[in-house]
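Numbering (our numbering), first residue to last: 2 to 252.
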Amino acid sequence: LFQDEDGAAYVFYSSEGNRVMHIARLDETYTGLAAAKGPAEASVRALVDLGREAPAVFRCGEWVYLLTSGCTGWAPNAAEAFAARSPLGPWVSLGSPAAGGSAAGRARTFHSQPAAVVPVPPRAGAGAPGGSGAGARPFPPLWPPPRPDGSCAFVYAGDQWNVDDLGASRYVWLPLWVVPLAESAGGAAALPPPRKAAPGAAAQARKRKKGKGAAAAAGGGAPAAALDHPGTAVILQWAPAWSLADLEDRP
């Protein structure tokens, strides 16, 4: 489940044999689907034929981000991040977010599968609402605005499944950032190669054009031109020991 900054809520789930990510907006009661009462654009099929599951959704500024896992049973695999201007897409791949640690650890997302991404508001006085004093908000917004440098900080929670004793499975908690590409390692070279014409976008666009004669892309009828890149990187940093204060220092 994902609640956006405007209060709208969405459910993300892998279906059709884990081949497609389904995304649907909930109604105002959060107990039913808006698509059952309104336009078809309230529900979309995304990441078609990419075989992604375990969605964890979060927002940084004008972009929504989605962490996903491959489908390898209880065994960990490489996570893949996506970004879109709307929870309904269209989604563009940002590649694997894993950084640091060993190559084997990065290839298995540090032996975890995405469970949740929790926002971390900047400290009071660090360029975001909060703190105490005149005019300060007692609670930060659901998704704090980006910091002055354009970055956002989060805590990643990943399931570490124990296939021999699932009840003994545990979580790993790691720092995660969204940072401008120019500030990330490799700069613009960090852009990943295209993924099947932007996760199913071309196929869905052709279907829409054929059926309605409209230029549309994956994710609920968004214009194909909207399938751009956020100019940011998602960085999931391996750290054997860390604290929330460390999130103030970008990777």
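From the three backbone atoms N, C-alpha and C, an ideal C-beta is built for every residue, glycine too.
query: Are the region 149-168 and the region 106-119 in contact at 8 Å, needing three or more beta carbon pairs?
result: Cβ pair count under 8 Å is three or more, so yes.
- prompt: residue 182: which of 245, 234, 121 and 153 sits nearest, CA to CA?
  reply: The residue among 245, 234, 121 and 153 with its C-alpha nearest the C-alpha of residue 182 is 234.
task: List the residues that DSSP assigns as beta-bridge partners of residue 160.
output: Note: residue 160 sits in a beta bridge opposite 114 and 172.
query: So, helix, strand or coil for residue 217, using DSSP?
result: Residue confidence for residue 217 is low, a pLDDT of 30 falling below 50, so the modelled location carries little weight; the figure read from the coordinates is stated next. DSSP places residue 217 outside both helix and strand once states are collapsed to three, so it counts as coil.
- prompt: How would you call residue 11, buried or exposed, if buried means at least 16 neighbouring beta carbons within 10 angstroms?
  reply: That one is buried.
task: Could you say which of 75, 22 and 24 lies nearest to residue 166 if we only look at CA atoms?
output: The candidate whose alpha carbon is nearest that of residue 166 is 75.
message: I'd like the span of the beta strand (DSSP E) that includes residue 33, first residue to last.
response: Note, residue 33: premise wrong, no beta strand (DSSP E); not H, not E.
task: Please list, in chain order, all residues of the same chain as residue 14 whose beta carbon is under 6 Å from its beta carbon, the five residues on each side excluded.
output: For residue 14, where only same-chain residues beyond five positions count, the Cβ hits under 6 Å are 23.
query: Buried or exposed: where does residue 241 fall if 16 or more other Cβ atoms within 10 Å of its Cβ makes it buried?
result: Result: exposed.
field: Cutoff 6 Å; reference residue 172; Cβ partners in own chain excluding five residues on either side
entry: Answer for residue 172: 158, listed in chain order.
- request: Starting from residue 86, trace the alpha helix (DSSP H) both ways and give me its first and last residue.
  value: Residue 86 -> no alpha helix (DSSP H), and no H or E assigned at all.
query: Taking the alpha-carbon positions, what's the residue 246 to residue 150 distance?
result: When only Cα atoms are considered, residue 246 and residue 150 end up about 17 Å apart.
- request: Just confirm the distance between the C-beta atoms of residue 107 and residue 78, as a whole number of angstroms; I'd bet it's less than 8 Å.
  value: In fact, because the Cβ distance is near 11 Å, the residues do not count as touching under 8 Å.
field: First through last residue of the beta strand (DSSP E) which encompasses residue 71
entry: If you look at residue 71, you'll find it in the beta strand (DSSP E) that goes 64-71.
- prompt: Exposed or buried, residue 32, counting other C-beta atoms within 10 Å across all chains shown (16 or more means buried)?
  reply: Residue 32 should be labelled exposed.
field: Straight-line Cα distance separating residue 145 from residue 26
entry: Note on geometry: alpha-carbon atoms of residue 26 and residue 145 lie some 22 Å from one another.
- request: For residue 69, count neighbouring C-beta atoms within 10 Å of its own C-beta (all shown protein chains included) and say buried if the count is 16 or more, exposed if not.
  value: Residue 69 counts as buried, since no fewer than 16 other beta carbons sit within 10 angstroms of its beta carbon.
field: Spatial neighbours of residue 101 in its chain, beta-carbon cut-off 6 Å, leaving aside the 5 residues before and after
entry: Excluding residues within five positions, the ones whose Cβ falls inside 6 Å are 238 and 239.
task: Rank 54, 35 and 112 by C-alpha distance to the C-alpha of residue 174 and give the top, closest one.
output: Closest option to residue 174, Cα to Cα, is 112.
Residue 143 (DSSP reduced to helix, strand or coil): If DSSP states are grouped into helix, strand and coil, residue 143 belongs with coil.
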